[in-house]
Amino acid sequence: MVLAIFWQFFLLGLMSFGGPAAHIGYFKKRFVDELNWLDANTYASFVALSQVIPGPGSSQVGFAIGYHRFGLLGGIAAFLGFTSPSFVLLFSLAVSSDPWLNESWFNGLIHGLKLMAVVVVFDAVLSMYNQFCRKLITRIIMMLAAIISLSISTLWSQLGILFIAGAMGYYFLSPRSLNATLQRHQSAQSIKFNYKWLVLFVLLFAFSLLFIDQNEPMSQLFAQFYQAGALVFGGGHVVLPLLEMTVGQNMTSERFLTGYAMAQAVPGPMFSIAAFLGAELLNDTPLLGAVIATIAIFLPGFLLFLAVCHSWQSSLELPSIQGGISGINAAVVGLLVTAFVTPVMSSALTSLVDVLIVLIGFSLLKLFRLNIMWLLFIFSLLGISSNLTLLLG
Numbered sequence: 047m048v049l050a051i052f053w054q055f056f057l058l059g060l061m062s063f064g065g066p067a068a069h070i071g072y073f074k075k076r077f078v079d080e081l082n083w084l085d086a087n088t089y090a091s092f093v094a095l096s097q098v099i100p101g102p103g104s105s106q107v108g109f110a111i112g113y114h115r116f117g118l119l120g121g122i123a124a125f126l127g128f129t130s131p132s133f134v135l136l137f138s139l140a141v142s143s144d145p146w147l148n149e150s151w152f153n154g155l156i157h158g159l160k161l162m163a164v165v166v167v168f169d170a171v172l173s174m175y176n177q178f179c180r181k182l183i184t185r186i187i188m189m190l191a192a193i194i195s196l197s198i199s200t201l202w203s204q205l206g207i208l209f210i211a212g213a214m215g216y217y218f219l220s221p222r223s224l225n226a227t228l229q230r231h232q233s234a235q236s237i238k239f240n241y242k243w244l245v246l247f248v249l250l251f252a253f254s255l256l257f258i259d260q261n262e263p264m265s266q267l268f269a270q271f272y273q274a275g276a277l278v279f280g281g282g283h284v285v286l287p288l289l290e291m292t293v294g295q296n297m298t299s300e301r302f303l304t305g306y307a308m309a310q311a312v313p314g315p316m317f318s319i320a321a322f323l324g325a326e327l328l329n330d331t332p333l334l335g336a337v338i339a340t341i342a343i344f345l346p347g348f349l350l351f352l353a354v355c356h357s358w359q360s361s362l363e364l365p366s367i368q369g370g371i372s373g374i375n376a377a378v379v380g381l382l383v384t385a386f387v388t389p390v391m392s393s394a395l396t397s398l399v400d401v402l403i404v405l406i407g408f409s410l411l412k413l414f415r416l417n418i419m420w421l422l423f424i425f426s427l428l429g430i431s432s433n434l435t436l437l438l439g
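Residue numbers (the numbering used here): 47 to 439.
So, in structure tokens, the structure goes:
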């Protein structure tokens, strides 16, 4: 059974381009419609849970399917199967791309992929803004988060932003009706967390706070990526600002964005960028670095799933939880705006031609709903050809 779970997710990991939304569609088609491993309602509950706890959304859904099928071993098998193709590809690119760095075609390819990243992240900002910033107070939270994170670029400032946003959401966005109050008392009585996983999550987070500034490379690496996985709501591109603020300080902006661009070009979860960055940061033992970073960034989301999976629906009925999550989601949009401004846009747009290419790419994505693979092909070709043209000219 475990091998069957691994194999099914491995096959999906080889072909799952298009980001979390596309992955969730692949999972439904394969495991609900074709294999009947779970029913549609159970699957929908897993998708909903992945939206309200930190971590990589689609990978959490995959872990939940494996867990539903064969317990903890099933969840681990699903994670390994779905993540291993992108892990291998990104690790291989990290350790083998240095000889190409001075090649004009490779520099052009990277530039084209960075321009595509501008399009994809801007689309993510817009879609998340439309989803999470519908009220005036959520727009205020979003703008404050963006302004503060642009002005004070530290990990502690981001922690403070998320805490303040949660408090504002609790105060301004929690339902206040009598029904909500009754619902709160009823739900509180039925909530039962699996505390051993919750305690492990908290202990590891405390460890990450203690070791993130230490000189022990492996402990620091684990701490940086664990914090990123523990604090990212929404997954996907939202992990970018936290990683840029922590691990991005230990490498060049060019190399950091190369990893981000490469993560766009491979199938599987965006969080697999950890394999590229981990290999870069622990360059004496790149495979160990890639493994530590990958485990650390995925682990917090899985621990929280295990802690709340049996009681999360009751938790979500609590008005205070609803309000707090609404505030945090709005702040996440502001943090993503910061990442879009720098480093994504500031390092990718170097000319008016770049701006024009991005506008055309965004039009193709939104107006013509161009598949991400076609977008990848177009931007790669434009990047290579433009660099070669400059070289020959």
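All C-beta atoms, glycine included, are put in the ideal place defined by N, C-alpha and C.
Three-state secondary structure assigned by DSSP to residue i
i: residue 169; result: helix
i: residue 298; result: coil
i: residue 414; result: coil
i: residue 240; result: coil
i: residue 149; result: coil
i: residue 47; result: coil
i: residue 314; result: coil
i: residue 193; result: helix
i: residue 374; result: helix
i: residue 356; result: coil
Between the CA atoms of residue j and residue i - distance to the nearest angstrom
i: residue 50; j: residue 56; result: 10 Å
i: residue 272; j: residue 103; result: 16 Å
i: residue 299; j: residue 180; result: 33 Å
i: residue 207; j: residue 337; result: 30 Å
i: residue 332; j: residue 324; result: 7 Å
i: residue 432; j: residue 183; result: 44 Å
i: residue 316; j: residue 249; result: 26 Å
i: residue 375; j: residue 210; result: 12 Å
i: residue 319; j: residue 313; result: 11 Å
i: residue 116; j: residue 52; result: 11 Å
i: residue 384; j: residue 213; result: 21 Å
i: residue 393; j: residue 275; result: 25 Å
Assigned exposure category for residue i - 16 Cβ within 10 Å defines buried
i: residue 24; result: Residue 24 lies beyond the range of the chain shown here (47 to 439); nothing can be said about it.
i: residue 113; result: buried
i: residue 124; result: buried
i: residue 37; result: Absent from the model: residue 37. The displayed extent of the chain is 47 to 439, so no value can be given.
i: residue 245; result: exposed
i: residue 399; result: exposed
i: residue 217; result: exposed
i: residue 423; result: exposed
i: residue 177; result: exposed
i: residue 364; result: buried
C-beta atoms of residue i and residue j nearer than 8 Å
i: residue 304; j: residue 270; result: no
i: residue 382; j: residue 163; result: no
i: residue 322; j: residue 109; result: no
i: residue 111; j: residue 84; result: yes
i: residue 60; j: residue 76; result: no
i: residue 48; j: residue 371; result: no
Residues near residue i in its chain [Cβ-Cβ closer than 8 Å; skip 5 each side]
i: residue 430; result: 151, 154, 155 and 158
i: residue 277; result: 100, 204, 205, 208 and 288
Contacts around residue i, its chain only, beta-carbon distance under 7 Å, and the 5 residues preceding and following it disregarded
i: residue 168; result: 386 and 408
i: residue 194; result: 203 and 207
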